[in-house]
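Colleague: Chains as they are written, first to last, in the working numbering: chain A, 910 to 1022; chain B, 490 to 601.
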Amino acid sequence: SQQGEEDPQALSIQEGENATMNCSYKTSINNLQWYRQNSGRGLVHLILIRSNEREKHSGRLRVTLDTSKKSSSLLITASRAADTASYFCATDGSAGGGNKLTFGTGTQLKVEL
Amino acid sequence: DGGITQSPKYLFRKEGQNVTLSCEQNLNHDAMYWYRQDPGQGLRLIYYSQIVNDFQKGDIAEGYSVSREKKESFPLTVTSAQKNPTAFYLCASSTTGNQPQHFGDGTRLSIL
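1. For a contact defined as C-beta to C-beta under 7 Å, what are the partners of residue 520(B) on chain A?
2. Just to confirm the assignment, what range does the beta strand (DSSP E) spanning residue 543(B) have?
3. Spell out whether any CB of chain B is found under 8 Å from the CB atom of residue 976(A).
4. Could you tell me whether any Cβ in chain B is nearer than 8 Å to the Cβ of residue 1014(A)?
5. From residue 505(B) to residue 580(B), what does the alpha carbon distance come to, in whole angstroms?
6. For residue 956(A), which residues does DSSP report across the bridge?
7. Whole angstroms are fine: how far does the CA of residue 601(B) sit from the CA of residue 945(A)?
8. If contacts are defined as beta-carbon pairs under 8 Å, then residue 524(B) and residue 516(B) qualify, I think. What distance do you get, rounded to the angstrom?
9. For a contact defined as C-beta to C-beta under 7 Å, what are the partners of residue 966(A) on chain B?
10. Drop a sphere of 10 angstroms on the beta-carbon of residue 985(A), count the other beta-carbons inside from all chains shown, and report buried for 16 or more, exposed for fewer.
11. Return the Cβ separation of residue 965(A) and residue 972(A) in integer angstroms, given the expectation that the two are a contact with Cβ distance under 8 Å.
12. With a threshold of 8 Å between beta-carbons, can residue 952(A) be considered close to chain B, or not?
13. Can you have a look at residue 1011(A) and say buried or exposed, based on whether 16 or more other CB atoms are within 10 angstroms of its CB?
Below, the structure is given as structure tokens:
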């Protein structure tokens, strides 16, 4: 089953603009992770935010988590053409450190020159 | 370089045939996972293993089987019972304890 839904499904922006993607989920979590997937490739981990954290930064990435609303957002600032990819959120709600992830449906980001 | 290797990159299956997808990691990770991805969709968990000689069913295990005889290897067999096997299959590994997963570059399975 897919716990999360991502919004928007597709996003097209110009290089230099910011891109914001949202993720909603249904059950309690240990952490929420964001991954990136280039076409035809595997996923690459971007950032992990734990349930007791509200905001996290990594380079041009900013992730927020609101556990009361069961939602998260990923902001990519000053986007580049190389950021064109699909972005997925994944929630880890497993007990005992099981690390079993449930993925959202993804946002396709296209950054145009 | 440490990483996860999936082979083959492309695989074709005839009706009624079992096929096995390979996944090998040299990251010394205890946990390994198999996911299925359909076009325009997220990933769905097929099987996972947190330790050698032990594995659990994920959300869509029917028609698939796995083994975990070695820490570095977690092969997936798509059996003839899987009626809609055409998909992109991704293998991942991680340390235990709510950590990020590292992915291979996938195997694309098609039906002849």
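Quick reminder that beta carbons are idealized off the backbone N, C-alpha and C, glycines included.
Modeller: On the basis of the coordinates in this document:
1. 1008, listed in chain order.
2. 543-546
3. The C-beta of residue 976(A) comes no closer than 8 Å to any C-beta of chain B.
4. So yes, residue 1014(A) belongs to the interface.
5. The straight-line gap from Cα to Cα measures roughly 24 Å.
6. 943(A)
7. 31 Å
8. Not a contact, Cβ separation roughly 17 Å.
9. Going along chain B, no residue has its Cβ under 7 Å from residue 966(A), so there is no contact; the nearest lies around 16 Å.
10. buried
11. Right, the Cβ-Cβ distance comes to about 5 Å (below 8 Å), so this counts as a contact.
12. Answer yes: the Cβ-Cβ gap between residue 952(A) and chain B drops below 8 Å somewhere.
13. Result: buried.
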